[in-house]
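**Q** Residue 207 in the UniProt record's numbering is what sits at position 207 of the sequence shown, and the numbering runs on without skipping anything.
Even for Gly, the Cβ is constructed at its ideal location relative to N, Cα and C.
Remember, predicted model here, so these are calculated numbers, not experimental data.
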Amino acid sequence: MSKLTLYDLPSKGHCRCWSLNPWKTRLALNFKNIDYKTEWIEYPDIASRLSPHVAPNPKTDSPSWAAYTIPAVQFPDSTYIMESQAIAERLEKDYPTPSLHLDCPFLPKVQALLPEILKPLGGLWQPAVPNNLLNPSSKEYFERTRAERLGKSLTQFAQESGGEEAWVAALPKLKELGGLLKGKGGPFVLGKTPAYADFVIVGWLQFFKAIDEKLFERVVSVEPAFGTLYDASKQWVERDDH
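So, in structure tokens, the structure goes:
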């Protein structure tokens with residue numbers, strides 16, 4: 001095989017990338033201008049498709065742990081790698097230019113801050129994913145597994161945690177993440193040089209944009225630096241459906 005294969009989660013209607021973690025990998029591939037193709041896998045089919053080729057994710061105590069996850073990549077040598085950070089490291093090794101700057105000191109900070117933003121906003125974005133984005137088999141899987149994690153239905157979760165209080169809770173970390181973007185003058189965390197840390201943020205912005213444009217607009221209104229970064233990264237967001 002000559003092309004790298006990216007395994008991604010499909011969306012209903014016109015199939016395109018929507019999820020945060022696959023976007024991190026897709027952005028890195030697009031940035032490096034690597035020749036690749038996409039294979040779409042519905043949530044219930046991930047384990048059966050990937051398990052013959054790659055070891056499961058190390059077991060953790062996290063309620064969101066899953067043995068097999070998207071993104072995964074099959075490299076031209078037929079090696080499979082799962083998990084966006086591990087994929088980024090292999091991409092940087094095999095395709096060193098342009099660099100993802102994985103040694104950027106801001107990357108661990110970005111990776112730590114993002115879950116602290118996503119968690120308080122969960123009542124706003126999680127219930128919208130199955131209704132707005134997923135095909136029937138993935139919709140059923142997502143609603144069932146998230147209800148198991150939360151101990152309540154996504155409908156109840158939205159009612160209890162989806163109000164204005166969610167934005168109030170997320171605001172300090174949103175501002176902190178925006179501060180990282182502005183520290184070197186922007187639009188990127190390193191200033192004028194794009195890095196993987198930026199793609200983690202852009203992947204999240206595109207994720208919110210795909211779920212509900214209003215989520216994206218609210219984030220940008222809270223911290224305009226996110227909009228500046230997104231605009232500076234548009235060339236790497238364009239390829240989302242093949």
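Restricting to Cα atoms, I'd like to know which of 15, 62, 77 and 10 is closest to residue 43.
**A** The residue labelled residue 43 in the question sits at position 43 within the sequence shown. Out of 15, 62, 77 and 10, 10 has the C-alpha closest to the C-alpha of residue 43.
**Q** Have a look at residue 189 and residue 199 and give me their C-alpha separation to the nearest angstrom.
**A** The residue labelled residue 189 in the question sits at position 189 within the sequence shown. The residue labelled residue 199 in the question sits at position 199 within the sequence shown. Distance between the alpha carbons of residue 189 and residue 199: 10 Å.
**Q** Helix, strand or coil: how does DSSP classify residue 126 here?
**A** By 1-based counting over the sequence shown, the position of residue 126 is 126. Here residue 126 sits in coil by DSSP.
**Q** Taking the alpha-carbon of residue 122 as reference, which of 134, 153, 103 and 97 has the nearest alpha-carbon?
**A** To locate residue 122, count along the sequence shown from 1; it is residue 122. Measuring from the Cα of residue 122, the nearest candidate turns out to be 153.
**Q** At the level of alpha carbons, what is the spacing between residue 133 and residue 85?
**A** To locate residue 133, count along the sequence shown from 1; it is residue 133. To locate residue 85, count along the sequence shown from 1; it is residue 85. So the alpha carbons of these two residues sit roughly 25 Å apart.
**Q** Which residues mark the beginning and the end of the beta strand (DSSP E) in which residue 6 is found?
**A** Here residue 6 is taken as the residue at index 6 of the sequence shown, counted from 1. That run of the beta strand (DSSP E) goes 4-8.
**Q** Would you mind reading off the limits of the alpha helix (DSSP H) that contains residue 38?
**A** Within the sequence shown, residue 38 is the residue found at index 38, counting from 1. That residue, residue 38, is in no alpha helix (DSSP H); its beta strand (DSSP E) goes 36-40.
**Q** Run through DSSP, which three-state label would residue 55 get?
**A** For this step, residue 55 is matched to residue 55 along the sequence shown. Three-state DSSP puts residue 55 in coil, outside helix and strand.
**Q** If distances are taken between C-alpha atoms only, which option among 210, 144, 12 and 202 comes closest to residue 28?
**A** Counted from its first residue, the sequence shown places residue 28 at position 28. Comparing Cα positions, the closest option is 202.
**Q** At a cut of 8 Å, does the segment 159-174 reach the segment 78-97 through at least three beta carbon pairs?
**A** Too few Cβ pairs lie closer than 8 Å, so no.
**Q** Helix, strand or coil for residue 169? Go by DSSP, reduced to three states.
**A** For the purposes of this step, residue 169 is taken as the residue at position 169 of the sequence shown. Helix.
**Q** Have a look at residue 156 and residue 191 and give me their C-alpha separation to the nearest angstrom.
**A** The residue labelled residue 156 in the question sits at position 156 within the sequence shown. The residue labelled residue 191 in the question sits at position 191 within the sequence shown. Using only the alpha carbons, I get a separation of about 42 Å.
**Q** For a test of your reading of the model: does the CB of residue 75 fall under 6 Å from any non-hydrogen atom of the ligand ADP? Yes or no.
**A** Looking for the ligand ADP in the displayed structure turns up nothing, as the structure carries no ligands at all.
**Q** Given that a residue counts as buried once 16 or more other Cβ atoms are within 10 Å of its Cβ, and exposed if not, what is residue 79?
**A** Indexing the sequence shown from 1 puts residue 79 at position 79. Residue 79 comes out exposed.
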